[in-house]
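Each remark here refers to the structure printed beneath this line.
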Amino acid sequence: MKKTGILIGLLILSSAIFGQKFEQNLSDTTVNKVKGNVGADFALQFQGLSHSADSALIPLGSNFNLPTANLNVSAMLGRGMKVYLRTYLSSRHHPESWVKGGYLLMDEMPFLNSKPMDNIMDHLTLKVGVMETNFGDAHFFRSDNGDVISNNFVGNYIMDAFTTAPGLEILYRQDGWLAMGAISSGSLRPDLTGYSSYSGDYTEYNLTDELAFYWKGGYDKQFNDDLRFRATLSGYHQSNHHFGSLYYGERAGSRYYMVMNEQTENGNVDPSSPHTTGRWGPGFSDQLNSLMQNIFIQYNGLEVFTTYEMADGTGAFSGQEFKFTQYAAEALYHFGGNNQFYFGGRYNYVENDSGQSVDRYQLIGGWDMTDNIKTKLEYVNQNYEEFTSQYGEDAGFNGMMLEAAISF
444 MKKTGILIGL LILSSAIFGQ KFEQNLSDTT VNKVKGNVGA DFALQFQGLS HSADSALIPL
504 GSNFNLPTAN LNVSAMLGRG MKVYLRTYLS SRHHPESWVK GGYLLMDEMP FLNSKPMDNI
564 MDHLTLKVGV METNFGDAHF FRSDNGDVIS NNFVGNYIMD AFTTAPGLEI LYRQDGWLAM
624 GAISSGSLRP DLTGYSSYSG DYTEYNLTDE LAFYWKGGYD KQFNDDLRFR ATLSGYHQSN
684 HHFGSLYYGE RAGSRYYMVM NEQTENGNVD PSSPHTTGRW GPGFSDQLNS LMQNIFIQYN
744 GLEVFTTYEM ADGTGAFSGQ EFKFTQYAAE ALYHFGGNNQ FYFGGRYNYV ENDSGQSVDR
804 YQLIGGWDMT DNIKTKLEYV NQNYEEFTSQ YGEDAGFNGM MLEAAISF
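Next up, the structure:
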């Protein structure tokens, strides 16, 4: 009842932001030659969090975290064809630069000079490359290293369904209806061979044995200037993998640094390890079946986004069965002459079939100084239940986060 009441309360809370962009649409009949673009994302945080548990946790101060930054390179290669590359210049998990991924996006195929194909592509979008997996809609609202402008809060979900992997997505859209089918390698780390130092055995890994399939269906309609409604159901299915990374593929790192780190012999004060503090989920998987349902409503400045998610399967290394369920609801309200100020809240709850659960409240206030500059101040409170073997009876963290971002 408590969870239900919180979700209903957030749904009632009014909110408004500028139109959220979901899947891209690229059609451009004016492109006759390559048109390139270089952009970047920068994010800086001041963290003032405290944590507690019955076990011994490291002390946490209040200070700036290492700034994060992305370099984005894109180019229109022709009518309806775009290539995109993102590089993490600096992240919590890797202070050195490295490529997140890149892909080709097409909603036209002018190189075929085929009228029948042009008619087919009126409703199709193809995406191929090493890219962010389009499972569910929650990933459209998350922070991606230095790119935090699309997230009006600071932290991402507790159970964060996000990974990059080689794949192909085919999206069909007509009259508001959408259907997407995709195939993927299922892992952020392609491997040809594995080796066990314990047994001395080698294992070959073949793509055809470990493919993942995912899909999305729904309805997304901008009825008028005041009303937009979107509802989707997504699935992700993988029967076998040595390193399935849907729930452990975010390599940049959590936005809550070093929370709940226990004291160890080596100190445990390196922000890059572990880099997922504040999150909880299945981790790397062998078998995996996941479903996510999302609802997005925007009416005359009112906006609501909700998530219901289920994941069950087996662990990649332990082979142990797991089942997780996640609920989330968020709401925001923008005000001011140009709707440049906002406040709102989010509730997030995750539980597994062993009786453990984690819940989080986030209260946020922000200022969109321009479309490219954002500052936000968040209060977060996260609690852990039935983590007795790790934290004892009472554990959690809370406090303030200040985040500023520039993206262009």
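Here the sequence shown is numbered in our numbering, starting from 444 and rising by one per residue.
Just so it is clear, CB atoms sit at the ideal spot from N, CA and C, and this is done for glycine as well.
Since the structure is predicted, the reported quantities are computational estimates derived from the model, not experimental observations.
CB contact flag (residue i, residue j, <8 Å)
| i | j | result |
| --- | --- | --- |
| glutamine 420 | serine 682 | Only positions 444 to 851 of the chain appear in the structure, and residue 420 is not among them; the question remains open. |
| threonine 646 | glycine 660 | no |
| methionine 703 | threonine 720 | yes |
| asparagine 743 | aspartate 669 | yes |
| leucine 492 | phenylalanine 840 | yes |
| asparagine 791 | isoleucine 563 | no |
| tyrosine 657 | serine 627 | yes |
| lysine 478 | methionine 524 | no |
| serine 800 | glutamate 773 | no |
| glycine 756 | phenylalanine 727 | no |
| threonine 530 | asparagine 513 | yes |
| valine 747 | phenylalanine 767 | no |
| alanine 581 | methionine 735 | yes |
| leucine 631 | glycine 724 | no |
Cβ neighbour criterion (16 or more within 10 Å) applied to residue i
| i | result |
| --- | --- |
| glutamine 706 | exposed |
| phenylalanine 666 | exposed |
| aspartate 603 | buried |
| glutamate 539 | exposed |
| threonine 750 | buried |
| valine 481 | exposed |
| threonine 813 | exposed |
| glycine 452 | For glycine 452, the predicted structure reports a pLDDT of 47, less than 50, and the residue's modelled location is therefore unreliable. A value from the coordinates is still provided. That one is exposed. |
| alanine 499 | exposed |
| lysine 464 | exposed |
| glycine 788 | buried |
| serine 534 | buried |
| serine 640 | exposed |
| lysine 558 | exposed |
| serine 677 | buried |
| glycine 610 | buried |
| glutamate 708 | exposed |
Residue i - DSSP class collapsed to helix/strand/coil
| i | result |
| --- | --- |
| methionine 560 | helix |
| leucine 689 | coil |
| threonine 651 | helix |
| proline 609 | strand |
| leucine 500 | strand |
| alanine 695 | coil |
| alanine 860 | The chain is shown only over 444 to 851; residue 860 falls outside these bounds and no answer can be derived. |
| alanine 759 | coil |
| phenylalanine 840 | strand |
| histidine 680 | strand |
| histidine 494 | strand |
| methionine 444 | Residue confidence for methionine 444 is low, a pLDDT of 49 falling below 50, so the modelled location carries little weight and cannot support an answer. |
| histidine 582 | helix |
| leucine 845 | strand |
| leucine 555 | helix |
| leucine 464 | Position check: residue 464 holds lysine in this sequence, whereas leucine was assumed. In the structure shown, lysine 464 sits in coil (DSSP, three-state: anything other than H, G, I, E or B). |
| glutamate 746 | strand |
| leucine 670 | strand |
| isoleucine 592 | coil |
| tyrosine 834 | coil |
| arginine 632 | coil |
| leucine 456 | Caution applies to leucine 456, whose pLDDT of 40 falls short of 50 and renders its modelled position unreliable; the model cannot decide the point. |
| valine 477 | coil |
| tyrosine 827 | strand |
| valine 516 | strand |
C-alpha gap between residue i and residue j, whole angstroms
| i | j | result |
| --- | --- | --- |
| leucine 487 | tyrosine 679 | 34 Å |
| glutamate 466 | glycine 579 | 11 Å |
| phenylalanine 739 | histidine 537 | 34 Å |
| phenylalanine 765 | arginine 803 | 21 Å |
| serine 715 | proline 510 | 13 Å |
| serine 586 | valine 597 | 8 Å |
| glycine 687 | isoleucine 501 | 31 Å |
| glycine 589 | asparagine 508 | 12 Å |
| glycine 651 | proline 633 | Rather than glycine, the amino acid found at residue 651 in this sequence is threonine. Each residue's Cα considered, the two are about 13 Å apart. |
| alanine 608 | glycine 780 | 42 Å |
| asparagine 594 | isoleucine 816 | 13 Å |
| glycine 504 | asparagine 824 | 17 Å |
| aspartate 663 | tyrosine 700 | 36 Å |
| arginine 722 | phenylalanine 778 | 31 Å |
| valine 526 | arginine 694 | 22 Å |
| methionine 843 | asparagine 826 | 15 Å |
| serine 733 | asparagine 475 | 42 Å |
| asparagine 782 | glutamine 490 | 27 Å |
| leucine 775 | tyrosine 785 | 7 Å |
| valine 591 | serine 517 | 19 Å |
| asparagine 737 | leucine 532 | 32 Å |
| threonine 606 | aspartate 618 | 30 Å |
Cβ contact (3+ pairs, closer than 8 Å) linking the stretch 566-574 and the stretch 540-549: yes
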